[in-house]
Amino acid sequence: MRYLLLCLLIALPAAAQDRPPPKPGDPDDFVRYIFETNACVMTEDQLLKAYQESGYGIMGANNAVIAVSEREDIEVLSRNPFRYRYYGSDYCGF
Numbered sequence: 027m028r029y030l031l032l033c034l035l036i037a038l039p040a041a042a043q044d045r046p047p048p049k050p051g052d053p054d055d056f057v058r059y060i061f062e063t064n065a066c067v068m069t070e071d072q073l074l075k076a077y078q079e080s081g082y083g084i085m086g087a088n089n090a091v092i093a094v095s096e097r098e099d100i101e102v103l104s105r106n107p108f109r110y111r112y113y114g115s116d117y118c119g120f
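Going by our numbering, the residue at position 52 of the sequence shown is 78; the numbering climbs one at a time, nothing skipped.
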């Protein structure tokens, strides 16, 4: 029984990492993807970096981070540094 529980706990993060890339042009799916592949919690710096790496310029990435921080399915965990928790999917809805 313990072995089964251990396997299930290990499989959860692996399942998020195996998630297919977000649908092009779907900002909600992109938010879901970046949070699910980062254990559902990200800092503001991590969000900014994720948006910049996906092709947004610094201004676009900054605006996207602001939009993410104002979503209803995002919770602010701390303000120094800013850390956000996403709970808008089956994987992150704990």
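Think of the CB as a built atom: it goes at the ideal place given N, C-alpha and C, for glycine as much as any other residue.
Which residue comes first and which comes last in the beta strand (DSSP E) that contains residue i?
| i | result |
| --- | --- |
| residue 112 | 108 to 112 |
| residue 115 | Residue 115 -> no beta strand (DSSP E), and no H or E assigned at all. |
Let me know the secondary structure DSSP gives residue i once reduced to three states.
| i | result |
| --- | --- |
| residue 95 | helix |
| residue 58 | helix |
For residue i, I'd like the list of residues in its chain whose CB is within less than 6 Å of its CB, leaving aside the five on either flank, ordered along the chain.
| i | result |
| --- | --- |
| residue 58 | 115 |
Got a sec, what are the start and stop residues for the alpha helix (DSSP H) residue i sits in?
| i | result |
| --- | --- |
| residue 65 | Residue 65 -> no alpha helix (DSSP H), and no H or E assigned at all. |
| residue 49 | Here residue 49 belongs to no alpha helix (DSSP H), and DSSP marks it neither H nor E. |
| residue 77 | 70 to 79 |
Do residue i and residue j have their C-beta atoms within less than 7 Å of each other?
| i | j | result |
| --- | --- | --- |
| residue 101 | residue 111 | yes |
| residue 76 | residue 60 | yes |
| residue 47 | residue 55 | no |
Closer than 8 Å by C-beta to residue i: which residues in its own chain qualify, once you throw out the five before and the five after it? Chain order, please.
| i | result |
| --- | --- |
| residue 103 | 67, 109, 110 and 111 |
Got a sec? Which residues, its chain only, sit under 7 Å from residue i by beta carbon, not counting five neighbours each side?
| i | result |
| --- | --- |
| residue 83 | none |
| residue 45 | 59, 62 and 63 |
If you measure from the beta carbon of residue i to each beta carbon in chain D, is any gap under 7 Å?
| i | result |
| --- | --- |
| residue 68 | Among the chains of the structure shown, chain D does not appear; only one protein chain is present. |
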